[in-house]
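See below for the structure under consideration.
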Amino acid sequence: VTALESGDRAAYLGRLRARLDRAAPHNLAHPLPPPVESVPLVQSTLLDPDDLLGSFLRNARAVAAGAHDVGGDVVPDELLDALVERSDVRRAVTSAEPDAVAVGERLAARGVDVAPLSIDAAANADLGVTSCIAAIATTGTVVVSSSAAGGRGASLLPPVHLCLVPASRVVPTSAEVLRPLGAGAALPANLVLITGPSRSGDIEQIIALGVHGPLAVDLVLLRGA
Amino acid sequence: VTGGFTLAGTTLRDRTAEATRDERLRHALAKAVGRFGDGRAVALDTLGDPGALRAAARRIRHDLMDHLPEVLERFADAVLAAGGHVHWAEDAADANDYITRLARDRGVTSVVKGKSMATEETALNHALEAAGVEVVETDLGEWIIQLAHQTPSHIVAPAVHLDRYQVRDILQAEAEPGRTLDAVPEHLAAFARERLRAKFLGAGMGITGANFGVAETGSIVLVENEGNGRFSSTVPRIHVAVMGMERVVATWDQLDLMVNLLARSATGQHLSTYTNVVTGPRRAGDADGPDELHVVLLDNGRSDILGSDVQEALDCIRCGACLNVCPVYRQVGGHAYGWVYSGPIGAVLTPLLAAGHPEAAELAGASTLCGACMEACPVEIPLQDLLLTLRRRKAEGAGRVERAGWAAWAAAWSNPRTYRASLRSAAAGRPLTRFAAMAPGLRAWSEGRTAPQPARRSFLQRWKKGEV
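This is the structure we're talking about:
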């Protein structure tokens with residue numbers, strides 16, 4: 028269990044190759060569709076191509092995220108005050124992203140006990156603040172990278188996740204986020220597409236929010252950033 | 007019987023009879039499964055051309071399986087390059103042994119698990135518990151059935167057979183004295199959050215499944231809504247992902263299509279709440295994340311399906327849509343199938359993956375062949391074709407007497423003279439058909455079927471006499 032690789036790769040793959048070498052011809056009643064030259068893009072009526080940012084806000088709200096539409100490039104004081112009051116925020120944790128750290132400093136000025144990210148700090152925080160590397164308009168999704176954020180816990184453990192969404196990072200669909208991942212640049216240890224607050228339908232398929240992850244996700248769309 | 011893997015030693019007939027007598031089960035199923043189906047239809051309706059996407063997805067999955075050795079090798083090399091461990095597990099015992107040894111070697115006493123069907127298949131929990139390791143399921147549905155000592159009855163919603171009152175009673179046993187839980191799903195979920203949070207923070211190892219592996223980058227993709235997979239792959243020092251070897255895709259382009267279809271088909275979401283991409287262990291500078299990532303590539307009978315006339319069973323992306331539309335599943339639920347996988351895909355996979363159980367072959371009969379499953383399948387697996395193929399296989403393996411009987415019938419009806427003779431003797435024996443149906447060997451088959459009554463005189467006889 029210390030070696031990086033274990034088991035018998037050659038025998039394992041050899042067995043598969045032997046099976047495929049004497050493969051049965053495809054003879055099912057429903058014939059195969061033609062080969063796929065390029066993987067088709069998923070297009071959805073949920074995207075208004077003329078209103079990317081409006082689509083993002085609308086689709087985020089449809090999955091029970093709070094979507095705040097802000098003009099400049101920072102979270103306004105009134106919004107920050109309102110969030111602190113609404114969720115009774117006493118302790119917060121921030122990701123390593125500069126814009127999230129800046130929000131942390133402003134929270135600290137309001138008397139909130141702000142800590143850098145660690146599992147312990149995140150486990151005790153009322154609020155986690157991150158930025159995102161991209162946001163998807165069709166689904167109201169934000170994409171958080173562990174390399175940019177310096178870890179994963181700020182968007183996972185606290186009951187409220189506040190995520191900054193610079194308007195320049197909003198893209199139409201998942202394709203703009205996922206397809207370039209194969210292009211060669213090293214991936215972070217964790218990349219997570221977050222679409223609304225944590226939810227479960229495991230009891231009678233009735234949706235309950237906040238099962239393990241955040242009960243509330245507040246997205247702040249910064250139109251000037 | 008309800009609630010366990012009861013394949014060995016029972017018959018499909020007994021299990022379905024028990025399930026259809028359970029009014030509460032049928033009521034719970036009808037409500038929950040109906041919600042799934044409605045959501046799926048709405049979500050697919052927002053896509054431009056879902057039919058074209060599904061056809062492309064079918065062909066992509068098919069071609070991936072035709073190149074599985076190369077894709078798998080690229081995937082494994084990329085996992086290793088990202089600093090992860092890879093274990094090539096031949097079967098369930100091999101996978102369980104690796105994980106159990108790993109836990110012992112690293113001094114792990116407590117494990118949290120994200121939702122995983124592969125580890126249900128290998129019965130990993132029993133192996134870890136036998137080694138003295140505490141295992142806690144953290145998917146809400148999985149936790150409920152673990153506490154109730156049951157098994158999952160749905161690929162996506164393991165506790166779909168229970169109503170809220172039953173869930174309340176199960177969780178009440180976990181509450182501290184004096185605390186009374188009510189049967190409100192949101193409150194029960196909050197109770198689970200509170201209890202399982204402590205387990206996450208104390209666990210030395212997190213074990214998850216894998217919805218997909220992406221060969222280009224050696225990434226594991228976990229698709230979920232609660233956060234159980236994110237916690238299991240973030241908080242403990244060691245993350246183990248157990249992946250059926252067929253769950254691999256070659257490229258991120260393919261992954262993009264598959265996750266979009268998976269979410270919509272499984273729960274009617276446009277994307278699941280968390281699409282979680284794990285590539286190697288934590289990096290220098292990360293404040294959290296596991297120090298070790300182990301990917302266990304599970305064969306466990308899958309290689310026997312590859313290259314066979316039912317290979318398309320490996321195309322499945324485990325969305326559960328075929329269960330929700332199946333007229334059989336909707337009446338009997340998951341436990342009647344007797345093993346890990348239920349519904350139409352279970353009726354295909356069980357005879358193949360549980361081939362060691364002689365009772366498994368009859369699962370191919372648990373279908374009306376109506377074809378609703380293929381209509382619902384995001385990768386268009388022709389499930390009814392596969393079921394027919396498996397029934398044919400079973401018939402070829404039928405007993406000597408049964409086969410001789412069918413052969414005699416086929417020979418008699420292939421020749422006009424013997425065909426007419428058989429009709430005459432059937433007419434003469436007309437009063438006997440009712441009794442023949444009660445013969446011991448035929449009773450199981452003839453119950454619920456009406457024996458055809460041959461006419462006193464055949465059409466041909468009447469034609470010859472000028473009566474018609």
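As you go down the protein sequences, you meet chains U and P in turn.
Using this note's numbering, the final residue of the first sequence is 252, and nothing's skipped along the way.
Using this note's numbering, the final residue of the second sequence is 474, and nothing's skipped along the way.
We treat Cβ as the ideally placed atom computed from N, Cα and C, and that holds for glycine.
Considering Cα atoms alone, identify which of the options is closest to residue i.
i	options	result
Lys37/P	Glu135/P, Asp169/P and Glu402/P	Asp169/P
Cys159/U	Pro193/U, Gly240/U, Leu205/U and Pro185/U	Pro193/U
Asp297/P	Gly90/P, Thr356/P and Val254/P	Gly90/P
Gly98/U	Leu191/U, Ser201/U, Arg42/U and Ala210/U	Leu191/U
Arg88/U	Leu144/U, Arg250/U, Ser195/U and Leu246/U	Leu246/U
Met123/P	Pro384/P, Leu304/P, Asn266/P and Glu135/P	Leu304/P
His73/P	Val162/P, Asp321/P and Asn131/P	Asp321/P
Leu108/P	Gly405/P, Val39/P and Val301/P	Val301/P
Glu124/U	Asp140/U, Asn151/U, Val116/U and Leu144/U	Leu144/U
Ile311/P	Thr168/U, Leu43/U, Leu214/U and Ala38/U	Leu43/U
Ile161/P	Ala256/P, Gly411/P and Glu148/P	Glu148/P
Ala136/U	Asp108/U, Ala161/U, Asp115/U and Val156/U	Asp108/U
Gly57/P	Arg236/P, Leu394/P and Met380/P	Met380/P
Arg21/P	Ser348/P, Ala63/P and Gly113/P	Ser348/P
Val229/P	Ile244/P, Thr186/P, Leu277/P and Arg203/P	Leu277/P
Ser225/U	Trp345/P, Leu392/P and Thr279/P	Thr279/P
Asp126/U	Ala176/U, Val198/U and Gly209/U	Ala176/U
Ser195/U	Pro215/U, Val116/U and Val169/U	Val169/U
Val255/P	Ala23/P, Val77/P and Ala327/P	Val77/P
Glu180/P	Pro158/P, Glu252/P and Gln152/P	Gln152/P
Arg236/P	Leu74/U, His239/U, Arg118/U and Ala162/U	His239/U
Leu74/U	Gly228/U, Leu214/U, Ser201/U and Ala243/U	Ser201/U
Leu189/U	Ser227/U, Val198/U and Leu248/U	Leu248/U
Ala497/P	Ile323/P, Thr395/P, Asp315/P and Leu146/P	The first residue shown for chain P is 7 and the last is 474, placing residue 497/P beyond what the model contains.
In whole angstroms, what is the alpha-carbon distance linking residue i and residue j?
i	j	result
Ala154/P	Asp48/U	46 Å
Val7/P	Gly340/P	The pLDDT assigned to Val7/P is 40, lower than 50, so where the model puts this residue is not dependable; a value taken from the coordinates is nonetheless given after this. Their backbone Cα atoms lie some 12 Å apart in a straight line.
Asn86/U	His57/U	37 Å
Ser65/U	Ala212/U	22 Å
Ile176/P	Leu35/P	18 Å
Gly34/U	Val248/P	14 Å
Leu68/U	Arg201/P	42 Å
Thr144/P	Asp44/P	27 Å
Gly212/P	Val241/P	8 Å
Ala361/P	Pro388/P	21 Å
Ala413/P	Arg430/P	20 Å
Ala164/U	Ala94/U	12 Å
Pro75/P	Phe218/P	16 Å
Ala252/U	Val90/U	24 Å
Ser172/U	Val219/U	7 Å
Gly479/P	Thr128/P	The structure shown does not extend to residue 479/P, since chain P is modelled only from 7 to 474, so the question has no answer here.
Leu282/P	Asn217/U	Before going further, note that residue 282/P is Asn rather than Leu in the sequence given. Whole-angstrom Cα-Cα distance: 7 Å.
Met264/P	Phe465/P	57 Å
Gly336/P	Ala427/P	Going by the sequence as given, residue 336/P is Arg instead of Gly. Those two C-alpha atoms are separated by around 45 Å.
Ala45/U	Ala88/P	29 Å
Gly4/P	Arg399/P	Summary: the structure shown does not reach residue 4/P, with chain P confined to residues 7 through 474, and so no result is reported for it.
Asn418/P	Gly411/P	According to the sequence as given, residue 418/P is Ala; it is not Asn. Cα to Cα, Ala418/P sits roughly 11 Å from Gly411/P.
On the criterion of 16 or more Cβ atoms from any shown chain inside 10 Å, does residue i qualify as buried, or is it exposed?
i	result
His33/P	exposed
Ala461/P	exposed
Tyr343/P	buried
Lys121/P	buried
Asn54/U	exposed
Asn421/P	exposed
Glu232/P	buried
Pro241/U	buried
Tyr39/U	buried
Trp345/P	buried
Val227/P	buried
How would you list, in chain order, the residues of chain B whose beta-carbon sits under 7 Å from the beta-carbon of residue i?
i	result
Asn54/U	Absence of chain B from the displayed structure is noted, the protein chains being U and P.
Runs of 3 residues minimum, wholly inside the stretch 178-218 of chain U: which ones carry the beta strand (DSSP E) assignment?
With a minimum length of 3 residues, the continuous beta strand (DSSP E) runs that stay inside the stretch 178-218 of chain U are 187-193.
Count the CB pairs spanning the stretch 97-117 of chain P and the stretch 138-154 of chain P that are closer than 8 Å, and state whether there are at least three.
Segments in contact, yes.
Does the pairing of the stretch 188-195 of chain P with the stretch 179-197 of chain U give three or more beta-carbon distances under 8 Å?
Touching, no, given that fewer than three Cβ pairs across the two stretches are closer than 8 Å.
Contiguous alpha helix (DSSP H) assignments of at least 4 residues, all confined to the stretch 43-121 of chain U
Listed in chain order, the complete alpha helix (DSSP H) runs (minimum 4 residues) inside the stretch 43-121 of chain U are 79-89 and 104-113.
Runs of beta strand (DSSP E) wholly within the stretch 102-163 of chain P (minimum 3 residues, chain order):
Counting whole runs of 3 or more residues, the stretch 102-163 of chain P contains the beta strand (DSSP E) stretches 116-119 and 140-143.
Does the contact criterion of 3 or more C-beta pairs under 8 Å hold for the stretch 270-283 of chain P versus the stretch 214-232 of chain U?
Yes: the two stretches touch, three or more of their Cβ pairs being nearer than 8 Å.
Segments of 4+ residues assigned as alpha helix (DSSP H) that fall wholly inside the stretch 355-403 of chain P:
You should have 378-382 and 389-402.
At what residue ranges does the stretch 28-110 of chain P contain a whole run of the alpha helix (DSSP H), taking only runs of 4 or more?
Fully enclosed alpha helix (DSSP H) runs of 4 or longer: 29-51, 56-72 and 74-87.
Taking 8 Å as the cut-off, does the stretch 345-365 of chain P touch the stretch 48-57 of chain P (at least 3 CB pairs, one atom from each stretch)?
They do not touch, by the three-pair rule.
Would you mind listing the alpha helix (DSSP H) stretches within the stretch 185-263 of chain P that are 4+ residues and don't spill past its ends, in chain order?
Runs found: 191-208 and 234-238.
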